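What follows is one structure encoded as structure tokens, with my remarks underneath.
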Amino acid sequence: MATKYDAKMSQENNLNLLKQMTYEKQKQDLFIQKSAYLENYNLSLFNKLFEITKELLLTKKSILEEHYN
């Protein structure tokens, strides 16, 4: 049989858990946003690296063609 003290403690624990859940949800949302940002940033860097590599290969091709022709 629950006493008033037990009921009060249960309510306080419930409130604390709700606050903690809200905080953890906010943290999760922030991590999701950071993850999306980093994914886009990495894709941007990959595309830049690809373009640089392509330009280097074209330059190398041009040099080799000039050398052998």
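Residue numbers for the sequence shown follow the numbering used here, so the first one is -15 and each next one is one higher.
Glycine included, each C-beta is placed from N, C-alpha and C at the ideal position.
Computed from a prediction, not measured in an experiment: that's the story for all the values here.
Excluding the 5 residues flanking residue i on each side, which residues of the same chain have their C-beta closer than 6 Å to its C-beta?
i: Lys9; result: none
Express the C-alpha separation of residue j and residue i in angstroms, rounding to a whole number.
i: Ser(-6); j: Thr6; result: 18 Å
i: Gln12; j: Leu33; result: 31 Å
i: Ser28; j: Leu(-1); result: 44 Å
i: Ala(-9); j: Ile16; result: 37 Å
i: Leu22; j: Thr(-13); result: 52 Å
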